[in-house]
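Notes for the one structure printed next.
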Amino acid sequence: MSDLDLLDSAPVADESKILEGLNDSQKEAVSSPLCNALIIAGAGTGKTRVLVSRIVYLISHYQVKARNILAVTFTNKAAKEMRERIGMYLNANDTHHLWANTFHSTCLRLLRAYATQAGLTPGFLILDTDGQNSLVKRIMLDLKMDIKEIKPSEFASRISSLKEKGMRADDFQKRVNYIKYTNKKKSGTIEKLALVYSAYERICNQENSVDFAEILLRTVELLRSNSAIREIQNERFKEILVDEFQDTNSIQYELLTLLAGKNSHVMVVGDDDQSIYSWRGADYTNMKKFLNTFPDVHQYLLSLNYRSTQNILDMANTLIEKNFERVMLKNLKGNNGTGSLVSIFKCANNRVEELSVAKEIQSLKDQGVKLSDIAVLYRNNYLSFGFEQALTKAKIPYVIYGGQKFFERAEIQSALAYLKILVNKKDDTALLRIINLPARKIGPKVVESLRNISNEHSCSIIEAIEYLHEYVSSSDAAKELKTLYSKVSAFYNLYLELLSKKETMRLHEFVHHMLTLTGLYAFYSEKDAKEGKSEEDNSRYKNLGVLVSNVKEFEASVDQGEVSVDSENSAKVEDQLTLYLTNITLVSGGEINENGSAETMPFDCVNLMTIHASKGLEFKYVFICGFESEILPSSRKSSSGDNSLEEERRLAYVGITRAKEQLVISYANARTMFGKNEQKGASSFINDIVESYENSKNKPYKIVTKI
DNA sequence: GGTATAACGATTTTT
DNA sequence: TCGTTATACC
Numbered sequence: 143m144s145d146l147d148l149l150d151s152a153p154v155a156d157e158s159k160i161l162e163g164l165n166d167s168q169k170e171a172v173s174s175p176l177c178n179a180l181i182i183a184g185a186g187t188g189k190t191r192v193l194v195s196r197i198v199y200l201i202s203h204y205q206v207k208a209r210n211i212l213a214v215t216f217t218n219k220a221a222k223e224m225r226e227r228i229g230m231y232l233n234a235n236d237t238h239h240l241w242a243n244t245f246h247s248t249c250l251r252l253l254r255a256y257a258t259q260a261g262l263t264p265g266f267l268i269l270d271t272d273g274q275n276s277l278v279k280r281i282m283l284d285l286k287m288d289i290k291e292i293k294p295s296e297f298a299s300r301i302s303s304l305k306e307k308g309m310r311a312d313d314f315q316k317r318v319n320y321i322k323y324t325n326k327k328k329s330g331t332i333e334k335l336a337l338v339y340s341a342y343e344r345i346c347n348q349e350n351s352v353d354f355a356e357i358l359l360r361t362v363e364l365l366r367s368n369s370a371i372r373e374i375q376n377e378r379f380k381e382i383l384v385d386e387f388q389d390t391n392s393i394q395y396e397l398l399t400l401l402a403g404k405n406s407h408v409m410v411v412g413d414d415d416q417s418i419y420s421w422r423g424a425d426y427t428n429m430k431k432f433l434n435t436f437p438d439v440h441q442y443l444l445s446l447n448y449r450s451t452q453n454i455l456d457m458a459n460t461l462i463e464k465n466f467e468r469v470m471l472k473n474l475k476g477n478n479g480t481g482s483l484v485s486i487f488k489c490a491n492n493r494v495e496e497l498s499v500a501k502e503i504q505s506l507k508d509q510g511v512k513l514s515d516i517a518v519l520y521r522n523n524y525l526s527f528g529f530e531q532a533l534t535k536a537k538i539p540y541v542i543y544g545g546q547k548f549f550e551r552a553e554i555q556s557a558l559a560y561l562k563i564l565v566n567k568k569d570d571t572a573l574l575r576i577i578n579l580p581a582r583k584i585g586p587k588v589v590e591s592l593r594n595i596s597n598e599h600s601c602s603i604i605e606a607i608e609y610l611h612e613y614v615s616s617s618d619a620a621k622e623l624k625t626l627y628s629k630v631s632a633f634y635n636l637y638l639e640l641l642s643k644k645e646t647m648r649l650h651e652f653v654h655h656m657l658t659l660t661g662l663y664a665f666y667s668e669k670d671a672k673e674g675k676s677e678e679d680n681s682r683y684k685n686l687g688v689l690v691s692n693v694k695e696f697e698a699s700v701d702q703g704e705v706s707v708d709s710e711n712s713a714k715v716e717d718q719l720t721l722y723l724t725n726i727t728l729v730s731g732g733e734i735n736e737n738g739s740a741e742t743m744p745f746d747c748v749n750l751m752t753i754h755a756s757k758g759l760e761f762k763y764v765f766i767c768g769f770e771s772e773i774l775p776s777s778r779k780s781s782s783g784d785n786s787l788e789e790e791r792r793l794a795y796v797g798i799t800r801a802k803e804q805l806v807i808s809y810a811n812a813r814t815m816f817g818k819n820e821q822k823g824a825s826s827f828i829n830d831i832v833e834s835y836e837n838s839k840n841k842p843y844k845i846v847t848k849i
C-alpha cells in the first residue's frame, strides 16, 4: 500500500454529520447497503444533496476509496456543483481521486488513456455540432446530393442518433439493404443516409476526430471488445452513481453495464416525470429496465418537496396525473405551507400578456424583490422577443439564457480552426474553413486540385501540400504542380511558422501572435468597421481578444492543477493546446465575459429562458408565458416518439415545479406570430386542471382576466 | 471576391 | 416578420 492509498482511506467526515438534517427517506437512501439502487426523486426533493451525501457516506462509513467511486452527470454545471459540494466534506486528496464528471468527459478520459486500443491516434480532437454539420454538408455536396431537399444538419443529427443506438455505418447499410429488399419503395432517403454515414465515418477516422456520440460509442465498443481493459475498469469502479438517470439514452445505459463489474454497485437517481429530452434520444424507461435487469435493485422514493408551496405542488400534481406512462406514481408533498394562489393570466392578446407580466414584475420590484429571484419561462425561444420589449420599455434589466454562445461565433471558430490544424494536421474540416480566410487567393479550383492530390495519396490536405512542397523542390517537377504550389506556398509558410512559434511561447501569447500573423485581427476589425460596429459593442475584433484572455485563464487553471491532466493509465502528457481545444468543446460553459471568464451577471436582473433550460433551477417567482394551445403542448409532431403529448405535459410540469413562492401562468387568446394573426387560446393543460377542480372549493389557482 | 437579391423556414439543446 | 443563406452577377 502506498502513502497515497493510506491517505485515501482515511475517514473524513463523521457519519452523524452526514445524515444530519436529512429526512427519513433521504437518510434511508443515503445509508443504503452496498447494492444496486434506484432512487426516484421528485422535483425539489433534494436529489443532489442525497447523491452528495451518499458519496461521502460511502467513503466514511463503508470505507470505499474515493478512486473506486464514479459519479456521472449530464451537464458540466451539474458535475461542477457536485464536485464542489463533495469537496466541502472530503480532503483534497479524496476529491482529486474521485471521478465526478459528465458521461462525455468520463468516456473521453478513457479514450485518451486507451487511444490506440480504441483505434484512435493520440491527440485526436472533438468535432462539435457545427463541425459535424459542415462535414456532412461537404460529403453531401461531394456525393452530388441536393442539400435543399435534405438539410445536412438533418443527416448529421440522424447519424448521431444512430450512433447513440450503437449502430455503425455498415450495420445501418445492412439494415437499409434489408428494407430495400422487403419494401421496394420509400428507401431513397435512408439509402442516401447510409452513403453519407459511411463516408462520414471514414473521414472522421482519417481526420482523427470524434463527434460527441462517437465518444460514447467508441468507449462502449472498446469495453465490449477488450476484456482486459474492461476488467481494469470493473475492478476500479466499485460504486457508480448516476444523476438524472431518466435522461440516459441506450448507449449510456450500455456503458453503465460495461463499467460495472460483478462486484460493483450502481445507484441511479432520476425522475421519470421530468424526462423532457426524449427527442434527443433520452429514454426514461431505462429506469424500469434498470429495475428489471440489474440484480437486487433496492428502491427508494423521495417525495417530500423542499422547494414550493403546496398550491404550486397541487397544480403540478394535478397536471402530471394525466400521464399514464409513469414509472412510479408520486404526489409531491411540500413543507412550506399553502402559499398564495397560482395566478392564471387570461390575456386578450400577446401584447397584453407581455405588458401584464412586465407590470407584475415592476410591482414585485417595487416591493423590494430581487430581480434575480424572478424568472420568465416560455416554450419557444421566439416568444422571448415580446417580453424583452416590454421589460426594456419598463426599464427592467434582464438576461436571456442560451443565446448565441461565445465559442459558436464565426470569428472564434475561425481562430480555433487555425489552432486545430496545428495540433492535428489531418483535420481537413478545420483547414478548409481557414485556408482562404482572410482571402489569400485560394479559391475552389485550387482547393479541388489539393483535394485530388490528398485523395490520391489518401492523406490530408496539409499533408498533400507538404508532399507538393517536397516534389516541387526536386528539379523536374510538372508545371501544373509548380503553379499549384506557388498558389499555396504563402499559406504553407504561414503554417510552418505558426508550428514552430507554438513551441517558443506561452499559449496565450501564441494565440495572440497567431491572430496577428494570420491577419485575423485585421480581417475582423475591418469587417467590424465596415458594418459600423463600435469597438466596444460585441465587435468581432474584441471577441478575438476575449479568446486570448480565455486561453490565459485556462493556462492559469492548468498551473493550479484545476484542469485534470489524467496522470493515471496514460503517462502521456497532453499538449497544452490539445487540452485547451478539448476543454472548450466539451466543457465550454456558455457565455463568456470580456475578461474571458465564465459569465455571471454583475447586476441584478430578471431571468428569461426556455422551460427546457430551467430544468434543475429554482426561483421564488416564476412566470410561465405562452401557456397556449399549439405552443404548449407544441403543435409540432415529434419525429420519433409518439408520446409527445406526455412529454409536453412533463415539460409543463418541470416549469411549474421551478417556482418556490409565486407562480403565474399566462396565455393570450390572440397572438401575432411571423406577421400573422392567430387565435389560440388556453392550453389544454390549463383546461384539464380547471376541469379537475370544477367542483372543488379549494382551488389552488385564480383566473385573472387581462385586457 | 464582394455585393445584391431571392428564397427559405421558424421547438426544445447538452455534450 | 425577420434573419440567415445560396446564387447570380459584376
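Quick note: the first sequence uses our numbering, first residue 143, plus one each step.
Virtual Cβ for every residue (Gly too), placed ideally from N, Cα, C.
Buried or exposed (CB count within 10 angstroms, at least 16 for buried), residue i
i: residue 294; result: buried
i: residue 599; result: exposed
i: residue 257; result: buried
i: residue 241; result: buried
i: residue 833; result: exposed
i: residue 205; result: exposed
i: residue 751; result: buried
i: residue 209; result: buried
i: residue 849; result: exposed
i: residue 737; result: exposed
i: residue 414; result: buried
i: residue 177; result: exposed
i: residue 441; result: exposed
i: residue 710; result: Any reading at residue 710 is ruled out, since the residue's pLDDT is 43, under 50, leaving its predicted position unreliable.
i: residue 789; result: buried
Inter-residue Cα distance where the pair is residue i and residue j
i: residue 712; j: residue 795; result: Any reading at residue 712 must be qualified, since the residue scores a pLDDT of 40, below 50, and its modelled position is unreliable; the value itself is stated next. Distance between the alpha carbons of residue 712 and residue 795 is about 45 Å.
i: residue 160; j: residue 315; result: 53 Å
i: residue 325; j: residue 313; result: 18 Å
i: residue 724; j: residue 813; result: 44 Å
i: residue 359; j: residue 367; result: 12 Å
i: residue 631; j: residue 611; result: 8 Å
i: residue 841; j: residue 174; result: 39 Å
i: residue 776; j: residue 476; result: 30 Å
i: residue 403; j: residue 379; result: 8 Å
i: residue 739; j: residue 698; result: 12 Å
i: residue 390; j: residue 308; result: 14 Å
i: residue 532; j: residue 462; result: 32 Å
i: residue 117; j: residue 269; result: As shown, the chain starts at 143 and ends at 849. That puts residue 117 outside it, with no answer to give.
i: residue 393; j: residue 615; result: 51 Å
i: residue 238; j: residue 229; result: 9 Å
i: residue 501; j: residue 544; result: 25 Å
Rounded Cβ spacing between residue i and residue j (contact assumed at less than 8 Å)
i: residue 571; j: residue 276; result: 6 Å
i: residue 470; j: residue 443; result: 7 Å
i: residue 569; j: residue 267; result: 6 Å
i: residue 513; j: residue 538; result: 7 Å
i: residue 809; j: residue 488; result: 7 Å
i: residue 278; j: residue 298; result: 4 Å
i: residue 629; j: residue 588; result: 5 Å
DSSP beta-bridge partners of residue i
i: residue 850; result: The question about residue 850 has no answer, for the chain in this structure spans 143 to 849.
i: residue 566; result: Answer is none; residue 566 lacks a bridge partner.
i: residue 848; result: 489
i: residue 268; result: 352
i: residue 520; result: 752 and 767
i: residue 889; result: For the chain, the structure presents residues 143 to 849; residue 889 sits outside this window and is missing.
i: residue 244; result: 215
i: residue 441; result: 180
i: residue 476; result: 447
i: residue 761; result: 801
i: residue 540; result: 748
i: residue 419; result: Beta-bridge pairing links residue 419 to no other residue.
Inset, instruction - Count the C-beta pairs between the stretch 428–444 and the stretch 814–822 that are closer than 8 Å, then say yes if the count reaches three, no if not. - result: Touching, no.
Legend entry - At least 3 beta-carbon pairs within less than 8 Å: the stretch 446–457 vs the stretch 795–806: Because the criterion of three Cβ pairs below 8 Å is met, the stretch 446–457 and the stretch 795–806 touch.
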